[in-house]
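Student: Handing you this structure, nothing more for now.
Residue numbers (our numbering), protein chains in the order written: chain A, 20 to 429; chain B, 20 to 429.
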């Protein structure tokens with residue numbers, strides 16, 4: 020019964036949705052090399068140390084540090100060079116007192132050596148003799164075994180979103196496969212007797228489907244896979260059957276509702292029938308996007324979006340995006356870039372409601388200005404022309420021209 | 020001759036690279052529905068108006084505005100309801116003086132009507148008669164033909180990175196295919212006698228390849244396709260042949276150089292032989308990442324990265340990322356999120372050099388703090404443990420503990 024639901028502020032609405040969700044989508048093993056932007060479902064553990072052998076961080080000579088303790092420019096230490104540490108294999112010789120081995124960055128220290136003297140701190144006397152002009156401390160210019168990672172170290176936590184350096188770090192330890200959350204499959208149904216496939220030529224009164232594609236983009240951006248379910252006529256039975264069928268094959272469902280009141284009520288009734296607990300939120304204190312429906316049906320999130328493409332985008336960004344990261348088990352989803360800009364016009368608002376105003380960013384007098392993209396509420400291209408959304412907080416009466424405000428970039 | 024090149028500040032180095040690049044990678048036509056994050060190579064033009072018919076933005080009654088001009092709560096206007104505008108087709112009846120037609124949000128206005136009265140401003144008397152309690156202005160609650168987009172309007176500029184709402188906006192006009200820049204293919208070669216495939220078990224002195232995967236992630240993030248060319252021994256002929264072959268099949272080439280001085284020089288010599296003008300920058304005033312090589316060979320960018328994985332990441336982020344967007348013709352690439360945080364420790368720097376310090380972000384006393392992740396320069400996991408890079412500008416001596424600094428999130 021939608022009448023029982025009161026309009027909630029956006030963060031309370033999202034919290035209510037989250038409390039009824041299943042913990043996470045199923046997991047899968049994939050190649051680490053292809054795991055960028057995926058969310059870890061198990062915490063990888065180091066099975067071996069990194070580095071696995073003592074490694075030089077400089078080009079120079081592997082030495083016993085104690086042989087150099089009194090060395091200075093005035094009174095250098097003299098060492099005998101007995102060979103070179105090869106790249107990619109262990110040195111065949113060990114270092115005795117008074118000896119040194121040529122070593123390159125990344126090379127393996129020979130037995131007996133505990134430091135590397137930078138080549139710049141030495142002087143070559145003959146092919147087999149060098150002067151060392153500064154004392155080296157034990158361990159200097161050397162990475163010890165396990166100094167980067169020790170066997171058994173947890174490398175990254177469950178819920179971590181994999182970045183380029185994480186892929187490299189895992190491969191460094193031979194972890195060539197990782198367990199990640201599956202990409203959530205999100206079914207998207209467009210409804211409305213007036214909506215047609217964009218490939219078709221509209222007749223008078225018909226409009227092409229927009230939300231399947233803009234919401235599909237939002238889904239893809241949040242790590243999901245958009246599954247377009249097509250366009251359904253404004254008919255309860257047809258909508259229910261299509262919704263149930265698509266929900267069965269998806270991890271989440273989006274109904275881009277017809278915009279008339281009667282059709283909105285139908286959407287709510289259909290969602291109620293898809294499973295328990297059903298509709299949790301019917302109305303959010305945001306503009307645009309107030310007639311939003313948030314539901315959980317058999318542990319899966321279901322979204323009833325306003326048909327207005329601008330509202331649908333705002334609602335998608337506010338609710339679908341965080342829900343998809345949550346389904347993947349990601350606790351710290353990527354932040355959308357937010358910047359501060361000065362408003363070019365006075366903007367009025369109503370306390371108790373969060374306003375999202377489409378703005379263009381303009382540089383003027385070496386300052387960043389946010390200029391509202393005015394236009395009636397149903398215009399699609401106000402969104403296309405905008406660089407971001409300016410947010411008027413829930414407790415504000417509005418923002419005056421010249422004031423600084425947060426702009427969330429698209 | 021590398022000796023002739025002086026160390027350049029990062030922005031000058033990038034500028035020098037850009038001046039020698041070919042304008043753009045080839046273009047291709049793809050489905051708009053799959054064009055998220057692609058860069059437009061041709062500017063799509065509207066072939067039809069949006070909306071294509073006068074549309075109601077409200078649920079209510081289509082009327083002649085002049086019939087309501089004197090209406091008020093005290094003295095309402097009385098209108099005869101002659102039917103309903105169907106969703107998805109043109110109304111079959113036109114409106115005469117004193118008449119009204121039921122209309123839904125998104126419905127088409129009948130001939131003769133020039134405004135819509137919201138249902139909330141009316142009172143139903145009988146099934147065929149309503150009272151209108153407020154005057155409607157001509158055009159009120161109506162989207163006129165072409166009010167959103169007019170035929171011939173340029174919709175988005177060349178070089179625009181496609182966002183979710185752009186896909187929706189293009190589909191609204193039946194533009195189901197778009198011309199975009201091909202994703203640049205970036206060949207990546209790892210070099211070094213000590214480097215092995217991560218699937219293999221390292222012997223003493225050997226390390227697994229890291230940079231192919233971390234740089235591959237950077238390439239993918241910037242819209243490119245990483246083409247791993249494998250691991251090449253430190254041998255001039257072998258490196259040259261592999262590099263030439265991979266460059267022929269790629270739009271850009273990355274050589275992750277061995278880290279010893281002799282190998283770095285070999286990388287530079289190989290790049291010089293790949294094509295004109297060859298090496299443009301040999302050394303950038305950044306830390307880490309100073310021994311970076313930027314080159315253009317036969318109009319294609321070629322990068323010689325330091326072997327140190329941390330340096331390679333910094334250089335990749337600073338130079339490979341903007342170059343890939345540039346190759347796609349994108350003038351306003353997505354901004355990496357940058358936030359301000361207070362530094363937990365004093366950090367020294369040298370004027371004339373930009374320092375990139377790996378930091379973890381910590382919330383303390385409801386403020387955001389940036390804590391440097393200390394560790395020797397070649398540790399891979401300092402990067403994995405960090406949330407971002409703190410930037411010490413080129414003219415600074417360092418940053419004191421407690422001061423605010425910019426942190427570029429990974």
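Every residue, glycine too, gets a C-beta built ideally from N, C-alpha and C.
#1: Is it the case that the segment 176 to 187 of chain A contacts the segment 52 to 60 of chain A, given that we only count it when at least three CB pairs across the two stretches are under 8 Å?
#2: So what does DSSP say about residue 439 of chain B, is it helix, strand or coil?
#3: Can you pull the chain D residues whose beta carbon is under 9 Å from the beta carbon of residue 342 of chain A, in chain order?
#4: Using DSSP bridges, identify the partner residues of residue 118 of chain B.
#5: Taking the DSSP output, what are the residues bridged to residue 298 of chain A?
#6: By the criterion of Cβ-Cβ separation under 9 Å, what are the contact partners of residue 240 of chain B in chain A?
#7: Spell out whether any CB of chain A is found under 7 Å from the CB atom of residue 128 of chain B.
#8: Taking the alpha-carbon positions, what's the residue 23 of chain A to residue 415 of chain A distance?
#9: Are the C-beta atoms of residue 224 of chain A and some chain B residue less than 7 Å apart?
#10: When you compare only the Cα positions, how much space is there between residue 420 of chain A and residue 236 of chain B?
#11: Taking its Cβ as the centre, do 16 or more other Cβ atoms sit within 10 Å of residue 401 of chain B, making it buried, or is it exposed?
#12: Touch check for the segment 254 to 264 of chain A and the segment 67 to 77 of chain B: three-plus C-beta pairs under 8 Å?
#13: Is the number of C-beta pairs between the segment 337 to 349 of chain A and the segment 385 to 397 of chain A that are closer than 8 Å three or more?
#14: Using a C-beta to C-beta distance shorter than 9 Å, which residues of chain B count as neighbours of residue 332 of chain A?
#15: Suppose you measure from the CA of residue 360 of chain A to the CA of residue 380 of chain A; what does that come to, to the nearest Å?
#16: Distance check for residue 362 of chain B and residue 181 of chain B, CA to CA, integer angstroms please.
#17: For residue 120 of chain A and residue 103 of chain A, which I take to be in contact (beta-carbon distance under 8 Å), what is that distance rounded to the nearest angstrom?
#18: Alpha carbon to alpha carbon, how far is residue 374 of chain A from residue 305 of chain A? Give it in angstroms, no decimals.
#19: Could you tell me which residues DSSP puts in a beta bridge with residue 198 of chain A?
#20: Please state whether DSSP places residue 377 of chain B in a helix, a strand or coil.
#21: Looking at residue 265 of chain B: is its Cβ nearer than 7 Å to the Cβ of residue 44 of chain B?
#22: Assuming residue 152 of chain A and residue 95 of chain A make a contact with CB atoms under 8 Å, what is their CB distance in whole Å?
#23: Below 9 Å between beta carbons is the criterion; list the residues of the segment 92 to 108 of chain A that meet it against any residue of chain B, in chain order.
#24: Provide the residue span of the alpha helix (DSSP H) that contains residue 386 of chain A, from first to last.
#25: Under a three-way DSSP split, which group does residue 413 of chain B fall into?
#26: In whole angstroms, give me the CA-to-CA distance for residue 177 of chain B and residue 318 of chain B.
#27: Return the chain-ordered ranges of every alpha helix (DSSP H) run that is complete within the segment 240 to 277 of chain A and spans a minimum of 4 residues.
#28: Residues of chain A with a CB under 9 Å from the CB of residue 286 of chain B: which are they?
#29: Taking the C-alpha atoms as reference points, what is the distance between residue 385 of chain A and residue 193 of chain B?
#30: Answer yes or no: does any C-beta atom of chain A fall closer than 7 Å to that of residue 402 of chain B?
#31: With a threshold of 16 other CB atoms inside 10 Å of the CB of residue 295 of chain B, please say whether the residue is buried or exposed.
#32: How would you label residue 232 of chain B, buried or exposed, when you count the other beta carbons within 10 angstroms and need 16 or more for buried?
#33: Going by alpha carbons, who is nearest to residue 418 of chain B out of B/376, B/427, B/407?
#34: Please compile the residues from chain B whose C-beta is within a distance smaller than 8 Å of the C-beta of residue 227 of chain A.
#35: So residue 143 of chain B contacts chain A; which residues on that side make the cut at Cβ distance below 9 Å?
#36: Taking 7 Å as the CB-CB cut-off, is residue 209 of chain A touching chain B?
Tutor: Let me lay it out:
#1: yes
#2: Because chain B in this structure spans residues 20 to 429, residue 439 of chain B falls outside the shown range and cannot be described.
#3: Among the chains of the structure shown, chain D does not appear; the protein chains present are A and B.
#4: B/99
#5: A/314
#6: 55, 56, 182, 183
#7: no
#8: Bear in mind that a pLDDT of 48 at residue 23 of chain A, under 50, signals an unreliable position, so the number given afterwards is only what the model happens to contain. Approximately 28 Å, taken between the alpha carbons.
#9: yes
#10: 42 Å
#11: buried
#12: no
#13: no
#14: 183, 184, 187
#15: 8 Å
#16: 36 Å
#17: 7 Å
#18: 6 Å
#19: A/48
#20: strand
#21: no
#22: 5 Å
#23: 104, 105, 106, 107, 108
#24: It is not in any alpha helix (DSSP H) - residue 386 of chain A instead sits in the beta strand (DSSP E) that spans 386 to 391.
#25: coil
#26: 21 Å
#27: 255 to 267
#28: The premise fails here: residue 286 of chain B is roughly 14 Å from chain A at the closest Cβ pair, so nothing lies under 9 Å.
#29: 39 Å
#30: yes
#31: exposed
#32: buried
#33: B/376
#34: 190, 191, 192, 193
#35: By Cβ distance, chain A contributes nothing, its closest Cβ being about 15 Å from residue 143 of chain B, past 9 Å.
#36: no
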